[in-house]
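Asker: When you read off a place in the sequence shown, starting at 1, and then add 73, the result is the number in my numbering. Where is the CB? At the ideal position from N, CA and C, for every residue including glycine.
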Amino acid sequence: MKPLILITNDDSIEAPGLHKLVKIASEFGDVIGVAPREPQSGMSSAISVSRALRIHEVPDYSGARMFTVSGTPVDCVKLALNAIVPRRPTLILSGINHGSNTGNAITYSGTMGAVLEGCMNGIASVGFSLCHHSVKADFDLSAPFVRQIIADVLKDGLPNYTALNVNIPARVEPLGIRACRAARGHWSEEFARYTDPMGLPFYWLCGRFINEEPEATDTDEYWIGQGYISLVPVTPEQTDSNFLKQLLNK
Numbered sequence: 074m075k076p077l078i079l080i081t082n083d084d085s086i087e088a089p090g091l092h093k094l095v096k097i098a099s100e101f102g103d104v105i106g107v108a109p110r111e112p113q114s115g116m117s118s119a120i121s122v123s124r125a126l127r128i129h130e131v132p133d134y135s136g137a138r139m140f141t142v143s144g145t146p147v148d149c150v151k152l153a154l155n156a157i158v159p160r161r162p163t164l165i166l167s168g169i170n171h172g173s174n175t176g177n178a179i180t181y182s183g184t185m186g187a188v189l190e191g192c193m194n195g196i197a198s199v200g201f202s203l204c205h206h207s208v209k210a211d212f213d214l215s216a217p218f219v220r221q222i223i224a225d226v227l228k229d230g231l232p233n234y235t236a237l238n239v240n241i242p243a244r245v246e247p248l249g250i251r252a253c254r255a256a257r258g259h260w261s262e263e264f265a266r267y268t269d270p271m272g273l274p275f276y277w278l279c280g281r282f283i284n285e286e287p288e289a290t291d292t293d294e295y296w297i298g299q300g301y302i303s304l305v306p307v308t309p310e311q312t313d314s315n316f317l318k319q320l321l322n323k
């Protein structure tokens, strides 16, 4: 039996990055795409608890059955596992996201929220992001490396409770793949102020990520800047084991 690969994203069912990932993954097994009906960037691991969710099947793409869900990326994974896929997926992929998910962006990312949901269900899960927001972004330059990562995970699996956050440099052919850690940093949290037609103010988030360790050479921000794909192992486990030891030894 071929591997079953579930694919989702946070940019919606219409996103070119999703289509590219479906096309590549179809080389490795049976693919089912389940993506939000509308863009859901920044939704992290949000779930819908106060409204009904609806599933709609849309035309197949590259041999894959495709569905939309009227919810978040995590809703897509949960509903897919409970109401859509015919058997347990071998692999869950999210992306290819239009925009970076380096540093602490995993805290906010709907792309990675779906990945962590798959991880918590004991399924090997990988998130792919291209550091380019345009819908016209070129995903072909990185396709061989996406294939390599998918092939490696299907062959070797991933440790229990561990997923992968993969970020791809934009507008260049990547020089390779580098395993690394997420850069420490923060968001400037800038908001642009506007006025609506009624004269009332409203605000639009436009902050930027500030790397607090620009000299470090072992982070995703560093390797992306050098033209490499960054590969960061991540986990939904949030216990600070080192501090816990200190507390237990008091």
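Could you tell me whether the Cβ atoms of Pro146 and Gly172 are closer together than 7 Å?
Answerer: In this structure, Gly172 does not lie closer than 7 Å to Pro146 by Cβ.
Asker: Could you spell out the range, first to last residue, of the alpha helix (DSSP H) harbouring Pro217?
Answerer: Run containing Pro217: 216-229, per the alpha helix (DSSP H) assignment.
Asker: Can you tell which of Tyr295, Thr180, Pro309 has the C-alpha that lies nearest to the C-alpha of Gly195?
Answerer: The option with the nearest alpha carbon to Gly195 is Pro309.
Asker: Would you give the residue range spanned by the beta strand (DSSP E) that Glu130 belongs to?
Answerer: Run containing Glu130: 128-134, per the beta strand (DSSP E) assignment.
Asker: What's the gap between the Cα of Tyr267 and the Cα of Ser261?
Answerer: Straight-line Cα distance between these residues: approximately 19 Å.
Asker: What does the Cβ neighbour count give for Lys151, buried or exposed, with the cut at 16 atoms within 10 Å?
Answerer: Buried, by the Cβ-count rule.
Asker: In the DSSP assignment, the beta strand (DSSP E) including Gly298 goes from what residue to what residue?
Answerer: From DSSP, Gly298 is part of no beta strand (DSSP E) but of the alpha helix (DSSP H) over 293-298.
Asker: My parser needs the beta strand (DSSP E) runs of 3 or more residues fully inside the stretch 236-316; what are they?
Answerer: As far as the stretch 236-316 is concerned, its whole beta strand (DSSP E) runs of at least 3 residues are 236-241, 250-252, 258-260, 264-268, 274-278, 282-284, 302-307.
Asker: Could you spell out the range, first to last residue, of the beta strand (DSSP E) harbouring Thr141?
Answerer: Counting along the chain, the beta strand (DSSP E) containing Thr141 begins and ends at 137-142.
Asker: What's the call for Ile283, buried or exposed, on a 16-neighbour Cβ count within 10 Å?
Answerer: Exposed, since its Cβ has fewer than 16 Cβ neighbours within 10 Å.
Asker: Using DSSP with H/G/I as helix, E/B as strand and the rest coil, what is Asp148?
Answerer: Here Asp148 sits in helix by DSSP.
Asker: Could you tell me if Cys149 is buried or exposed, where buried requires 16 or more neighbouring beta carbons within 10 angstroms of its beta carbon?
Answerer: Buried is the call here.
Asker: To the nearest angstrom, how far is the alpha carbon of Ile250 from that of Ser207?
Answerer: About 23 Å.
Asker: Is the stretch 126-138 in contact with the stretch 102-118, if contact means three or more CB pairs nearer than 8 Å?
Answerer: With the cut-off at 8 Å, the stretch 126-138 and the stretch 102-118 touch.
Asker: Output the boundary residues of the alpha helix (DSSP H) element that contains Thr184.
Answerer: Start and end: 183-193.
Asker: Taking 8 Å as the cut-off, does the stretch 166-182 touch the stretch 230-245 (at least 3 CB pairs, one atom from each stretch)?
Answerer: At 8 Å Cβ cutoff, the stretches touch.
Asker: Out of Ala255, Ser143, Lys209, which has the shortest C-alpha to C-alpha gap to His129?
Answerer: Cα-wise, what sits closest to His129 is Ser143.
Asker: Taking the straight line between their C-alpha atoms, what separation do you get for Leu154 and Tyr276?
Answerer: Rounded to whole angstroms, Leu154 to Tyr276 spans 37 Å at the Cα level.
Asker: Name the one or two DSSP bridge partners that Asp103 has.
Answerer: Beta-bridge pairing links Asp103 to Leu77.
Asker: Please report the residue range of the beta strand (DSSP E) in which Leu203 lies.
Answerer: Counting along the chain, the beta strand (DSSP E) containing Leu203 begins and ends at 197-203.
Asker: On a Cα-Cα basis, can you pick out the residue from Phe264, Lys75, Phe316, Asp291 that is closest to Thr163?
Answerer: Nearest of Phe264, Lys75, Phe316, Asp291 to Thr163, Cα basis: Lys75.
Asker: Quick one: grab the DSSP three-state call for Pro109.
Answerer: If DSSP states are grouped into helix, strand and coil, Pro109 belongs with the strands.
Asker: I'd like to confirm the pairing. Which residues does DSSP put opposite Ser167 in its beta bridges?
Answerer: In DSSP, Ser167 forms a bridge with Thr81, Gly200.
Asker: Expressed to the nearest angstrom, what Euclidean distance is found between the alpha-carbon atoms of Gly115 and Asp84?
Answerer: Those two C-alpha atoms are separated by around 10 Å.
Asker: Around the C-beta of Lys209, are 16 or more other C-beta atoms found within 10 angstroms, so that it is buried, or is it exposed?
Answerer: Under this definition Lys209 is an exposed residue.
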